[in-house]
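Residue numbers for the sequence shown follow this note's numbering, beginning at 1 and rising by one.
One structure is given here, and the rest of the page talks about it.
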Amino acid sequence: MTTQTLAAADQVSTSRSCRLLRAQAPFIGKQGLQYAVGISAETVGATGLNLQIVTIAPGARAKTHLHAGHETAIYGLSGASGVWYGSKLEEHAVVAAGDFFYIPAGVAHQPYNDSDEPAVVIIARTDPNDQESVTLLPELDTVHRG
């Protein structure tokens with residue numbers, strides 16, 4: 001039995017084989033949040049899904065955005081994150097550890113963390129690319145403060 005380990009995102013394989021991906025340095029996405037590189041087209045050649053860990057620091061707020069044409073599923077690992085969502089950010093939810101949260105394709109949302117501890121979530125999206133489907137909505141960034 002062999003184990004393949006991907007040490008860097010530039011070693012993407014197009015072969016049909018299972019892949020083991022080790023944690024790598026996080027990056028700051030277009031949305032302004034910290035993303036841990038996970039399963040994606042860029043890392044393992046995925047064609048239909050993306051899986052990442054997102055950390056929302058205390059007091060942090062994402063830029064309002066949507067994912068054009070792609071659904072998102074979120075699972076809370078630790079802490080809690082509020083999220084405003086809807087065409088005018090008129091809806092609200094709090095995603096805590098153990099909660100699942102679904103965002104349909106094309107729905108505007110703005111996650112934030114108003115607590116004093118980091119909120120950590122796992123995000124799965126039907127877009128295999130890390131940032132390709134992100135559409136920023138700066139006109140909604142100031143709808144909610146605090």
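From the three backbone atoms N, C-alpha and C, an ideal C-beta is built for every residue, glycine too.
Since the structure is predicted, the reported quantities are computational estimates derived from the model, not experimental observations.
Run of the alpha helix (DSSP H) containing Glu42, from where it starts to where it stops: Per DSSP, Glu42 belongs to the alpha helix (DSSP H) from 41 to 44.
Neighbourhood of Glu71 by C-beta, 8 Å cutoff - its chain only, sequence neighbours within 5 removed: The beta carbon of Glu71 sits closer than 8 Å to those of Tyr102, Ile103, Pro104, Ala105, Arg125, Thr126, all from its chain and outside the five residues before and after it, given in chain order.
Cβ pair count under 8 Å reaching 3, the stretch 120 to 139 against the stretch 60 to 70: Short answer: they touch.
Local Cβ density within 10 Å of Ile123, reported as buried at 16 or more and exposed below that: Taking a 10 Å sphere around the C-beta of Ile123, we find 16 or more other C-beta atoms and assign the residue as buried.
Cβ-based neighbour list, Pro138, same chain, cut-off 8 Å, excluding 5 preceding and 5 following: Listed in chain order, the non-local C-beta contacts of Pro138 below 8 Å within the same chain comprise Lys63, Thr64, local neighbours out to five positions each way being set aside.
Where Ile74 falls, given that 16 or more other Cβ within 10 Å makes a residue buried: Ile74 is buried by the Cβ-count criterion.
Three-state secondary structure (DSSP) of Leu89: For Leu89, the three-state secondary structure derived from DSSP is coil.
Reduced DSSP secondary structure (H/G/I, E/B, other) of Pro111: Note: Pro111 maps to strand in three-state DSSP.
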